[in-house]
Amino acid sequence: MYESYWKLQRPPFHGAPDVSSFCATRTHQGALLKLRYLVEHRLGAGVLTGAHGLGKTFLTHVLEADIAPSAGPLARLVFPQMSPAELLAYLSAKLGAEPGHPQDTLRTDRVLAVLEHRLTRLAAEGRHPILVIDEAQLLVPEQFQVLHLLLNISTEARSHFSLILVGEPDLIPRLQRNGAFDERFAVRTTLRPLSAEETGQYVASRLAHAGQPEPVFTAEALAVLWELSQGIPRRINQLCDLSLLVGFADRLTSISPVEIEAAAEELLTVAVE
């Protein structure tokens, strides 16, 4: 609605994330490098944690686009609340394993054997599959156990695949309570909220990617934006999107703290309702 008014080619702060719009802030770039290291050196398992809205899932999509062609395929599980056998069967299907007898999908040992065979075959072909489990804080000990068994198929020298658990901070103590499994994680990285400086860089990057290289938000507006968003990218996106709409409606030439605060109040009202 407001794109042409602000000289934008596309909405900069909403819609499906585009990996080409990735803004390499310190925290996101650091986490991405660690995950790339995990995959490229075939170290086995890694964990990515961070609060809601920091861009954990988006970062795994950036990783998927960034890895070498020899890596992959990547199997992604977004909602892991299923039985251990169902979890393994889902990952097997995503990796292209031949479906077995329907009754076999109910037995953890048989599904595990199918997935192990598929992973071993991909490794023999020079591929390095990646298993990404999102919302991993929802996993239960029985699921940790089968994932631990799956990791055991790798040789001591290198892993046949990389397992990446992605979740909120309470994933860490849940892993620690499963000591033997927890010890298999070679890489651990946590996303942090953006600093005030990074918030400004993030906004400028999103605007530039949408076709507007000139500043739209005043320095004072960016300071208020950081304070109200607490440096969380999802909140930044919401506040910026709504403030651009307010600015368009009022025919403004730039966004000031007034529009940011109005957007925050509107979002709070919607949340309460």
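Numbering (the numbering used here), first residue to last: 661 to 933.
A virtual CB, placed ideally from N, CA and C, is assigned to each residue, including glycine.
Nearest to VAL847 by C-alpha distance, out of LYS667, LEU751, LEU693 and ILE915, is LEU693. Per DSSP, the continuous alpha helix (DSSP H) segment holding ILE896 begins and ends at 893-909. Judged by their CB atoms, GLY706 and PHE845 are nearer to each other than the 9 Å cut-off. If you compare the alpha carbons of ARG770, LEU734, ARG686 and TYR862 with that of LEU823, the shortest gap goes to LEU734.
Taking 9 Å as the cut-off, the beta carbon of VAL876 is found closer than this to the beta carbon of SER914. Judged by beta-carbon spacing, LEU775 lies within the 9 Å limit of ALA757, meaning their Cβ atoms are closer than that value. Secondary structure note for ALA846: its beta strand (DSSP E) is the uninterrupted segment 845-850.
By the neighbour-count criterion, in which a residue is buried when 16 or more other Cβ atoms sit within 10 angstroms of its Cβ, ALA783 is buried. About 20 Å separates the beta carbons of ARG911 and PHE673, which is beyond the 8 Å limit, so they are not a contact pair. Using a Cβ distance threshold of 9 Å, LEU714 and LEU851 count as a contacting pair. Within the stretch 731-785, the beta strand (DSSP E) runs of at least 3 residues that lie entirely inside it are, in chain order, 731-737. Three or more Cβ pairs closer than 8 Å define a contact, and the stretch 853-863 falls short of that threshold against the stretch 831-845. Straight across, the Cα-Cα distance linking ARG787 with ARG767 is about 27 Å.
Apart from sequence neighbours up to five positions away, the residues of its chain that approach ILE727 with a beta-carbon distance below 6 Å are VAL699, ordered along the chain. With 16 or more neighbouring CB atoms inside 10 Å of its own CB, THR687 falls in the buried class.
Annotated three-state conformation of ILE790 is strand, per DSSP.
Beyond the five residues adjoining it in sequence on each side, VAL738 comes within less than 6 Å, by CB distance, of ASP794 in the same chain, given in chain order.
For ILE832, the three-state secondary structure derived from DSSP is helix.
In this structure VAL679 is exposed. Its beta-carbon is surrounded by fewer than 16 other beta-carbon atoms within 10 angstroms.
With contacts defined by Cβ atoms closer than 9 Å, ARG736 and LYS716 do not form a contacting pair.
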